[in-house]
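Single-structure report; data block below.
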Ligand code: UDP
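Residue numbers (the working numbering): 460 to 777.
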């Protein structure tokens, strides 16, 4: 296939490029580098099946030649207000990537009779009242809340995707991505894993926001990409959760990071991020298991061991 990936220089986008090229496809990457990094795709520069266009997909995009599939992964994604690349500091770009970017990508899919796959998010569930989250749970969100620019943009993107499927018969899929980590995650993006790995590798105490009782579950990037590619090759049109159901408190998570890195500086408690920080999050992956025959295989400790060399290299630690 000839496949377009937006957000190709991002954490997930770049891993998708690698995986789809390894599957024998031709890949056209697009990114405007507001949160992605050229470093993430530098190794593809001489791959003759890979081409790259610096583009803001919120504007009209033209792709010469045939297109068999388009995967829309362009968006800021970190909720950290301190992060320059987080969506708090890029609110309009985030809404445009989710709304206008999705519209442009769906337009390409329709014009080329191509498959469209939307990167959606567990954030569409907001601070969930049911646990674990199944795909039929409509969510607990606030259109003007602190996370709204991201979760409402992604909710709109899902609605638009289903409208193009139902009205224009475009072959669409929607993946709802839960917390994911691995090499190429931006150390500065402020999310729990890069923040804490960064602190641990520098021998500093890990910052736990609030009392650390809020829960998440963390999926290793190879598992996540495997699930997304299975969805791409499927005929499933309704949203599918992809993530790791191994739920833990953020405090437990911090303790595991200290253990795996051998950090003895402990933990410091700082103010909770906001009242809108989801208190519990865990994917119900029953649909992914039954429709895609997918489930994650890499444990958190193993995934951390695989990721740490990358973070050490970025920090210049031997
Ligand atoms: N968090 C933390 N310390 C940090 C960064 C994040 O305790 O240095 C907490 C944060 O408040 C949230 C959880 O870890 O409850 C996961 O945050 P992340 O930024 O990874 O993304 P989210 O899952 O909220 O989208």
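We put the beta carbon where it would ideally sit given N, CA and C, even for glycine.
Of the residues the options, the one placed nearest residue i, counting alpha carbons only
i	options	result
residue 561	656, 612, 543, 718	612
residue 530	647, 767, 762, 460	460
residue 741	564, 551, 465, 588	588
residue 765	712, 702, 510, 681	681
residue 674	655, 769, 712, 556	712
residue 441	577, 607, 567, 622	With the chain covering only 460 through 777, there is no way to say anything about residue 441.
residue 683	706, 603, 757	757
residue 661	672, 646, 650	646
residue 496	505, 511, 482	511
residue 622	678, 577, 466	577
residue 773	491, 466, 499, 476	499
residue 543	507, 474, 649, 470	649
residue 532	471, 569, 581, 541	471
residue 614	762, 635, 629, 626	635
residue 484	743, 604, 464, 671	464
residue 759	545, 735, 640	640
residue 476	491, 509, 644, 619	509
residue 609	545, 590, 666	545
residue 528	595, 750, 488, 616	488
residue 474	710, 644, 750, 667	644
residue 633	490, 691, 492, 548	691
Nearest-angstrom Cα separation, counted from residue j out to residue i
i	j	result
residue 775	residue 664	19 Å
residue 462	residue 638	25 Å
residue 515	residue 698	26 Å
residue 553	residue 777	36 Å
residue 518	residue 559	7 Å
residue 693	residue 687	10 Å
residue 721	residue 657	13 Å
residue 752	residue 701	12 Å
residue 535	residue 494	6 Å
residue 520	residue 573	15 Å
residue 696	residue 624	8 Å
residue 586	residue 598	8 Å
residue 737	residue 523	42 Å
residue 733	residue 504	41 Å
residue 755	residue 708	19 Å
residue 717	residue 689	34 Å
residue 728	residue 565	44 Å
residue 602	residue 507	44 Å
residue 669	residue 735	12 Å
residue 466	residue 570	21 Å
residue 719	residue 763	7 Å
residue 678	residue 478	17 Å
residue 768	residue 502	17 Å
Buried or exposed by the 16-neighbour rule on C-beta atoms within 10 Å, applied to residue i
i	result
residue 748	exposed
residue 652	buried
residue 745	exposed
residue 592	buried
residue 486	buried
residue 538	buried
residue 725	exposed
residue 579	buried
residue 676	buried
residue 481	exposed
residue 582	buried
residue 628	exposed
residue 563	buried
residue 703	buried
residue 618	exposed
residue 672	exposed
residue 723	exposed
residue 685	buried
residue 555	buried
residue 491	buried
Residue i at chain D interface by Cβ criterion, 8 Å
i	result
residue 653	Reference to chain D is not applicable here, since this structure consists of a single protein chain.
For the region 464 to 529, which segments carrying the alpha helix (DSSP H) assignment without a break, of at least 4 residues, lie completely within its bounds, in sequence order?
-> 470 to 481
Could you name each continuous beta strand (DSSP E) segment of 3 residues or more that falls completely within the region 649 to 692, going from the start of the chain to the end?
-> 665 to 668, 674 to 676
Which residue spans inside the region 611 to 655 form an unbroken beta strand (DSSP E) run of at least 3?
-> 631 to 636
Completely contained alpha helix (DSSP H) runs for the region 553 to 581, where each covers 4 or more residues | 561 to 571
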